[in-house]
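Following my numbering, the numbering of the sequence shown begins with 64 at its first residue and continues without gaps. Glycine is no exception: its CB is placed at the ideal position from the N, C-alpha and C atoms.
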Amino acid sequence: MKNVAPLIAIGFAALTMSALTSAHADDRVISTKTGGQVEFQIDGSGPAVLMIASLGRGATDFDDLSRRLVDAGFTTVRPEPRGVGKSTGPMNDITLHDLAADAAAVIESLPAKPVIVIGHAFGQRVARTLASDRPDLVRAVIMIAAGGKAPLKPGAQEALAGSFRLDQPVEKRMQDVKFAFFAPGNDQNAWRDGWYPEVSRAQVSALKATPVEGWWNAGSTIPLLVIQGLQDAVAPPENGHMMKEAMGDRVVLVDIDGAGHAMLPEQPEKIASAILSLANKLPAKNIK
């Protein structure tokens, strides 16, 4: 781990969520203002961390990280995106602001807020939009595989699209998954399943309908942690260095070798360690 900037004065330590102390494997569904609903799971007790999944993928991607954080004394909150499980809502003519509003509805249903928000890949764009739209609900944003401005590596866009082509031979599709998401030497079969093409199409449409300037800075004051894979072909590490250069000590930057865009199944221990080593040192802040 390198380039870990001085920690910013926010924190988990005083976040005692007594109402969640017995919340283990607690599945919930709440209604949203759009007439849809969000299914989410709560595990553990202690400081709350909300997790937003990658493009066209579900909350199960966070199963391993959730267990590690729960074992360390945190509460994890994992909402399913629209179109997965019991989560519903308009899938056409939407923006990142609509998807961020789903996450906001989940946070508002919790007994204590604001919370830490973790977003993986596409999910970090939703997380940054949430921080911009509802800074009152977000203590900090942790970005895993944070893209948005630096161009994709040659061929990565085509491989990314091919990963969702469930109609093509599985061998070819897994070649695309490996190229787009996994660093050399890592096993792409960890992501053989769990792809939702219709969800990805809606999310890509929402992304295209939302100017990057509206979410890139994740608000103006909320602290940001960027965890990036040095072999990421879809979100090259130049993105994190852009943020660090523009926002200075507001950004804590962690580079992880041996990780591509998938990151979570590639380097689970390093990612959890980066999150916990920072989170456990963050000073307290009043929670309501």
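At the C-beta level, PHE227 and GLY323 stay beyond 8 Å of one another. Nearest Cα to GLU221 within the set HIS304, PHE242, GLY99: PHE242.
In the structure shown, the three-state DSSP call for GLY186 is helix.
The beta carbons of ILE157 and HIS183 sit no closer together than 8 Å. Residue environment: LEU341 is assigned as buried (16 or more neighbouring CB atoms within 10 Å of its CB, all protein chains considered).
Counting other Cβ atoms within 10 Å of its Cβ, LEU293 stays below 16 and is therefore classed as exposed. Assigned with DSSP and collapsed to three states, GLU102 falls in strand. Scanning the segment 237-312 for uninterrupted beta strand (DSSP E) segments of 3 residues or longer gives 287-292, listed from N- to C-terminal end. With respect to the 8 Å criterion, PRO260 and GLY109 are not classified as neighbours on the basis of their beta carbons. Per the coordinates, the alpha-carbon of ILE334 lies some 18 Å from the alpha-carbon of ARG188.
In the structure shown, SER336 adopts helical secondary structure according to DSSP, grouped into three states. Contact between the segment 124-141 and the segment 267-274 is absent: fewer than three C-beta pairs spanning the two stretches fall below 8 Å.
Annotation for ALA111: no alpha helix (DSSP H) segment contains it, though the beta strand (DSSP E) segment containing it runs 111-115. Going by beta carbons, ILE205 and ALA166 fall outside the 8 Å limit.
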